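Notes follow once the structure below has been shown.
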Amino acid sequence: MNFFESLLTHSPALIVAVPLLGAFLTPLISKINDKIRNAFVVFIVGLTGVLISMLSYDVLMNNKMHNYVFGGDSALIMPASGESFAVRIIFAVDGLNAFMIIIGAILAFVGVIYSWHFMKEHTGLDKYYTLVLLMIAGMLGMMLTGDMFNFFVFLEITSISSCALIAFYTNKGKSVLAGFKYIVISTIGALFILFAIALLYGQYNALNMAVLANSIQFNTFTDKIALVLLISGLGMKAGIVPMHMWLPDSYGQAPSSVTLILIGTTQAGLYALFRMVFTVFGRHITSPIELTIAGNNILAGTNLNSIVGIILVVLAILTMIIGVMMALKESDFKRMIAFAAVAEIGYMVLAIGAAFFTLSPSEITIEGVQVTFYSFSQAGQMAIKGGLFHIINDALDIGLLFLVAGAIYYVTKETSLNKLGGLARNMKFTTIFFIIGLLAVSGMPPMNGFASKLLIYESIYLINPILAIVAILCSILLLATFVKVLHSVFLGPKIPKFDEVKEVPASMLIGMGLIAIVIIFFGLFPNLILENIVQPAADALMNYSAYIGGSLL
Amino acid sequence: MIYQIPFIAVAGLILIGLYAVIFKRNLIKIVIGITLIESGVNLFLITLGYRQGSLAPIFTGNPNVDKAMSLPVPQALTLTSIVIGVAVLALMLSLIIHIYRHYGTLDVKKLAKKEADEE
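Protein chains in written order, with my numbering: chain A, 1 to 553; chain B, 554 to 672.
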């Protein structure tokens, strides 16, 4: 085995280990020189990015699943009694995981580059970079792990480090309050998740997601409680509406570079929600199979799809409408973008939730045994693809808008829309980036937001036209919101206070430029992305038995 | 009945904790509520680790013991969860110190009012 192959084999572990070790080396390197420290952090995140692209390329292109078991060859151990059970921690990487870590890599890399100048004037940067790297390690761990308890540990690593970063400006009372709100909500969410994990462990003696997916019977009341606790706990982390109130505060108060990575952690929560619903409870929600032998109906799974679908769609509609309405009336730039982020999460949940209604049974008879299995219709598959594609697009669009808001805060020390104006004269590049972000977030043609939103509209129109109308309406309102921002911040009369304002430093422009290029690239070649990245992820999501088979070999 | 007592304690602890988090106005009491929920969940994990009639998972090499040993996974999980809980608790209390320095109060309603006045 040559060096490259062994690197690839170990890459799932290295993707988490490199930023984790880098985090604890940062304070030491910080003693030498600030520039060397910044370069070191960029190097660490860049190295993680290289590992991620290697791993994702292999998973997505060769359509194969990577498993990394800590401390052994297989997750299962077989003691003398003959029974096999899974105790080892496993990182199982299929198409969906590979898709998510790509998002994580882009956000982390841009966030670190942007920090170089953005945070320059602050003290305590050694701690800042340590926490940023810890947060990246936790986020990537959440996206990679195939073990329920390990997921909880990474969730808490992410919560603790991001809470400390949200409260980074400890001289501002509001930041500290936002940090406190975040830690309270995320700890309660994490404890719900831990309780659900304990309930599942108590019944099935397993923490491994694949083993659980294989053995969950869904015939006891505790299974239902576990599902409800998992959906509500992960919904808190993902910022779905009744649990969204922490999100505008923490997105608004954190430094912009941190907000960018926070978007990634929120998406990781959303990913976990989909993983639980589609894979761990997959047999009972997305792909129940019924066997009829000689007239006796043996139900191998409980068909839950419509109830889970209704819950997800209602939550999604609420998320979209409330997010957009709050964004419209908000006068603080960053909080407005944060509410737009809430609304965007609604689109993904809507697309995935609506797909549940398209599950239809088909019957085949094998040797007298009548097998009924359910599968997504064409529209449902398209909705799932659209929803997944929108995850990456939303991360980029909202991220770009936050970076622009950060750039404006950097030069003016102001985030209130009422006090800003006429900045387009002095900040040409930032204005261009803002217009790109604006068009992308409201789903206008040449940008990536259009590609995914069109897929969502088309598919949910086939499922239920009213849902599509609500989605389009919310998109138009988002456009209205950001056109208002464009007018009041960048256009309009000159304000004497901002005469001396200059364009932001190079590293911030590079950060914004990188995301803008990716946005335009995705917008111009949506089919390339859909076929190569989104399709394998959607396939992985819809086929829970491939996950079980792939990770228990 | 005797085996149900831990589960009743778990439910009690979690419900009291949720009550404190939702209805109490003092930030310190909210933090106490969170630690109560956490203790409840930890107690639940530990309780799951016990199987009736099994031995503690300590390997002594004694060939005469033919009883089953319980798997020590829940204990390991609880230890991890306690360590995480301590970190979260420390972070929350340090944030409370900062909040008190800024606003001079820990009452949720007064804090919301002062936050709104800051504009």
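Virtual Cβ for every residue (Gly too), placed ideally from N, Cα, C. This structure is a prediction, so every number in the text was calculated from the model and none was measured.
Decide if residue i is buried, meaning its Cβ has at least 16 other Cβ atoms within 10 Å, or exposed.
{"i": "Q253/A", "result": "buried"}
{"i": "D34/A", "result": "exposed"}
{"i": "H284/A", "result": "buried"}
{"i": "P27/A", "result": "exposed"}
{"i": "K64/A", "result": "exposed"}
{"i": "S416/A", "result": "exposed"}
{"i": "M139/A", "result": "buried"}
{"i": "N615/B", "result": "exposed"}
{"i": "E156/A", "result": "buried"}
{"i": "I587/B", "result": "buried"}
{"i": "M622/B", "result": "exposed"}
{"i": "V41/A", "result": "buried"}
{"i": "G22/A", "result": "buried"}
{"i": "K502/A", "result": "exposed"}
{"i": "P610/B", "result": "exposed"}
{"i": "F597/B", "result": "buried"}
{"i": "H122/A", "result": "exposed"}
{"i": "I436/A", "result": "buried"}
{"i": "S56/A", "result": "buried"}
With C-beta atoms as the reference, is residue i less than 8 angstroms away from residue j?
{"i": "M245/A", "j": "M148/A", "result": "no"}
{"i": "L578/A", "j": "S488/A", "result": "The structure shown does not extend to residue 578/A, since chain A spans only 1 to 553, so no value can be given for it."}
{"i": "V324/A", "j": "A341/A", "result": "no"}
{"i": "M542/A", "j": "T286/A", "result": "yes"}
{"i": "P12/A", "j": "A137/A", "result": "no"}
{"i": "G346/A", "j": "A316/A", "result": "yes"}
{"i": "P519/A", "j": "N448/A", "result": "Checking the sequence shown, residue 519/A turns out to be Ile, not Pro. Contact: yes."}
{"i": "S634/B", "j": "K620/B", "result": "no"}
{"i": "I263/A", "j": "L107/A", "result": "yes"}
{"i": "I533/B", "j": "I188/A", "result": "Lying before the first or after the last residue shown, residue 533/B is absent from chain B, which here runs from 554 to 672."}
{"i": "L439/A", "j": "F490/A", "result": "no"}
{"i": "V313/A", "j": "I240/A", "result": "no"}
{"i": "N62/A", "j": "A92/A", "result": "no"}
{"i": "N2/A", "j": "I89/A", "result": "no"}
{"i": "G386/A", "j": "S452/A", "result": "yes"}
{"i": "F109/A", "j": "V16/A", "result": "no"}
{"i": "S250/A", "j": "I166/A", "result": "yes"}
{"i": "A206/A", "j": "F152/A", "result": "no"}
{"i": "P255/A", "j": "F339/A", "result": "no"}
{"i": "A379/A", "j": "I463/A", "result": "yes"}
{"i": "L328/A", "j": "T481/A", "result": "yes"}
{"i": "F118/A", "j": "S30/A", "result": "no"}
{"i": "L659/B", "j": "I650/B", "result": "no"}
{"i": "S459/A", "j": "A540/A", "result": "no"}
{"i": "A268/A", "j": "A226/A", "result": "no"}
In the DSSP output, which residue or residues are listed as bridge partners for residue i?
{"i": "F85/A", "result": "I77/A"}
{"i": "E668/B", "result": "According to DSSP, which records beta bridges pairwise, E668/B is partnered with nothing at all."}
{"i": "Y374/A", "result": "P361/A"}
{"i": "D147/A", "result": "N208/A"}
{"i": "V93/A", "result": "H66/A"}
{"i": "I366/A", "result": "V369/A"}
{"i": "D332/A", "result": "S416/A"}
{"i": "D660/B", "result": "N579/B"}
{"i": "M622/B", "result": "L608/B"}
Is there at least one Cβ from chain E nearer than 8 angstroms to residue i's Cβ?
{"i": "I581/B", "result": "The structure shown contains no chain E; its protein chains are A and B."}
(request) Kindly confirm or deny that the stretch 261-274 of chain A and the stretch 133-151 of chain A touch, where touching means at least three C-beta pairs closer than 8 angstroms. (result) Look at the beta carbons and you see the stretch 261-274 of chain A touching the stretch 133-151 of chain A: at least three pairs across the two are nearer than 8 angstroms.
(message) Below 8 angstroms, how does it come out for the stretch 331-347 of chain A and the stretch 404-414 of chain A: are there three or more Cβ pairs, yes or no?
(response) Touching, yes.
(request) Taking a Cβ distance cut-off of 8 angstroms, strictly less, list which residues of the stretch 621-643 of chain B are near chain A, in chain order. (result) Per Cβ criterion, the list reads L624, V626, P627, L630, T633, S634, I637, A640 and V641.
(request) Return the residues of the stretch 588-603 of chain B that lie within a Cβ-Cβ distance of less than 7 angstroms from chain A, sorted by chain order. (result) The stretch 588-603 of chain B vs chain A, Cβ under 7 angstroms: I590, E591, V594, F597, L598 and L601.
(request) Select from the stretch 165-198 of chain A all residues with a C-beta closer than 7 angstroms to any C-beta belonging to chain B, and list them in chain order. (result) Within the stretch 165-198 of chain A, A167, T170, G173, K174, V176, L177, G179, F180, I183, V184, T187, I188, L191, L194, F195 and A198 place their CB atoms closer than 7 angstroms to a CB of chain B, listed in sequence order.
(message) Is it the case that the stretch 653-672 of chain B contacts the stretch 225-243 of chain A, given that we only count it when at least three CB pairs across the two stretches are under 8 angstroms?
(response) No, the stretch 225-243 of chain A does not touch the stretch 653-672 of chain B.
(message) Short of 7 angstroms Cβ to Cβ, which residues in the stretch 500-524 of chain A face chain B?
(response) Taking 7 angstroms as the cut-off between beta carbons, none of the residues of the stretch 500-524 of chain A comes near chain B.
(message) Three Cβ pairs or more, each shorter than 8 angstroms: is that satisfied between the stretch 554-566 of chain B and the stretch 543-553 of chain A?
(response) A contact between stretches requires three or more CB pairs, one per stretch, nearer than 8 angstroms, and the stretch 554-566 of chain B fails this requirement with the stretch 543-553 of chain A.
(message) For the stretch 456-476 of chain A against the stretch 494-511 of chain A, do three or more pairs of beta-carbon atoms, one drawn from each stretch, fall closer than 8 angstroms, so that the two count as touching?
(response) In short, these stretches do not touch, since the Cβ pair count stays below three.
(message) Count Cβ pairs between the stretch 646-657 of chain B and the stretch 173-181 of chain A that sit closer than 8 angstroms; are there 3 or more?
(response) The stretch 646-657 of chain B, when compared against the stretch 173-181 of chain A, does touch it at the 8 angstroms Cβ threshold.
(request) Give the residues from the stretch 532-547 of chain A that approach chain B closer than 8 angstroms (Cβ to any Cβ), ordered along the chain. (result) Going along the stretch 532-547 of chain A in chain order, one finds no residue with a Cβ nearer than 8 angstroms to chain B.
(message) Pairs of beta-carbons, one from the stretch 517-534 of chain A and one from the stretch 441-457 of chain A, closer than 8 angstroms: are there three or more?
(response) Touching, yes.
(request) Count the C-beta pairs between the stretch 200-219 of chain A and the stretch 352-366 of chain A that are closer than 8 angstroms, then say yes if the count reaches three, no if not. (result) Segment contact: the stretch 200-219 of chain A against the stretch 352-366 of chain A, fewer than three CB-CB distances shorter than 8 angstroms; contact not assigned.
(message) For the stretch 46-53 of chain A against the stretch 158-172 of chain A, do three or more pairs of beta-carbon atoms, one drawn from each stretch, fall closer than 8 angstroms, so that the two count as touching?
(response) In this structure the stretch 46-53 of chain A does not touch the stretch 158-172 of chain A; the number of beta carbon pairs closer than 8 angstroms is below three.
(request) Report the residues of the stretch 144-163 of chain A with a CB closer than 7 angstroms to any CB of chain B, ordered along the chain. (result) Of all residues in the stretch 144-163 of chain A, the ones placed with a Cβ closer than 7 angstroms to any Cβ belonging to chain B are F149, V153, E156, I160 and C163, in chain order.
(message) So if I threshold CB-CB distances at 8 angstroms, which residues from the stretch 644-663 of chain B count as touching chain A?
(response) Cβ contacts with chain A come from L644, M645, L648, I649, H651, I652, H655 and Y656.
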